[in-house]
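Residues 16 to 196 (the working numbering) make up the sequence shown, in order. Even for Gly, the Cβ is constructed at its ideal location relative to N, Cα and C.
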Amino acid sequence: YGKRELLQRFKPYKVRPATDAIPDCWETGTQVQELIAGIGAAVEYIAELGRHRDASAKSRREAFEAAYRATVPYERTLLTKLLDGLKTIRGVKVYGITDPKRFAERCSTISLRMGEHHPTEIAKFLGDRGLFTWDGNFYAMNLSERLGVEPKGGVLRIGLVHYNTMEEVDRLLSSLSQFAA
16 YGKRELLQRF KPYKVRPATD AIPDCWETGT QVQELIAGIG AAVEYIAELG
66 RHRDASAKSR REAFEAAYRA TVPYERTLLT KLLDGLKTIR GVKVYGITDP
116 KRFAERCSTI SLRMGEHHPT EIAKFLGDRG LFTWDGNFYA MNLSERLGVE
166 PKGGVLRIGL VHYNTMEEVD RLLSSLSQFA A
């Protein structure tokens with residue numbers, strides 16, 4: 016979204032045969048129709064969560080607000096449990112905000128390292144146990160370099176969302192403890 020008069024002043028980075036007409040000129044290539052359909056499905060999923068939590072939600076906006084009123088506090092509870100548990104595991108260094116008073120400034124995805132272990136090694140260990148995490152720099156190469164972790168494989172990333180359970184967090188912490196042992 017942008018004001019037409021402002022968008023017309025910028026020259027988009029695009030493939031040469033792409034149109035110069037706004038807004039399509041901002042596409043870097045062929046639009047991915049599957050992605051567009053997926054976005055619509057994701058929007059409807061969140062709205063449905065909200066309607067389930069608050070049957071009085073009349074508009075999609077009200078349904079979204081109800082969904083986030085329910086999911087954000089729950090995800091913060093999961094995050095608190097995870098961060099508290101990580102404090103007990105030898106060699107874990109968490110990157111980012113860890114103070115619960117500041118959780119409104121962050122999401123429930125965390126990045127960490129475990130001593131000198133390569134994040135890929137940890138991700139594979141967890142994956143073998145049915146716990147799915149990611150490793151690398153996540154296209155934040157400048158940050159990864161600045162933190163000094165880029166030459167060491169970046170970080171392990173763990174994402175918690177509203178459909179995760181406390182039991183899954185316990186299983187994750189137990190597996191990380193096994194890895195650290």
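*asked:* So, does the stretch 54-62 touch the stretch 93-104, judging by three or more C-beta pairs under 8 Å?
replied: no
*Apart from the five residues on each side of it in sequence, which residues of its chain come closer than 8 Å, Cβ to Cβ, to V184?*
L93, K96, L97, G100, L175
*Ordered list of alpha helix (DSSP H) runs contained in the stretch 67-122, each at least 4 residues*: 75-101
*What residues in its chain sit with their C-beta under 8 Å from that of R19, if we drop five residues either side in the sequence?*
Within the same chain, Cβ atoms closer than 8 Å to the Cβ of R19 are found at I37, the five residues on either side in sequence being excluded.
_To test your reading of the DSSP string, which unbroken alpha helix (DSSP H) runs of 4 or more residues are found completely within the stretch 20-57?_
none
*asked:* Does P166 pass the burial test, meaning 16 or more other C-beta atoms within 10 Å, or should it be called exposed?
replied: Its Cβ having fewer than 16 others within 10 Å, P166 is exposed.
*Tell me whether R144 sits in a helix, a strand or coil according to DSSP, three-state version.*
Coil, per DSSP.
*Does the distance from the CB of L188 to the CB of L146 come in under 8 Å?*
No, they are not a contact pair.
*T135 (DSSP reduced to helix, strand or coil)*: helix
_Beta-ladder partner(s) of D185, from DSSP_ = Answer is none; D185 lacks a bridge partner.
*Proximity winner among L191, V109, Y154, N179, relative to R144 (alpha-carbon distances)*: L191
*Which of the three DSSP states, helix, strand or coil, is assigned to G151?*
strand
*Could you give the DSSP three-state label for G174: helix, strand or coil?*
In the structure shown, G174 sits in a strand (DSSP, three-state: E or B).
*Taking all protein chains shown into account, decide if T148 is buried (16 or more other Cβ within 10 angstroms of its Cβ) or exposed.*
By the 10 Å Cβ count, T148 comes out buried.
_Checking 8 Å against the spacing of the C-beta atoms, do E42 and G65 come in under that value?_
no
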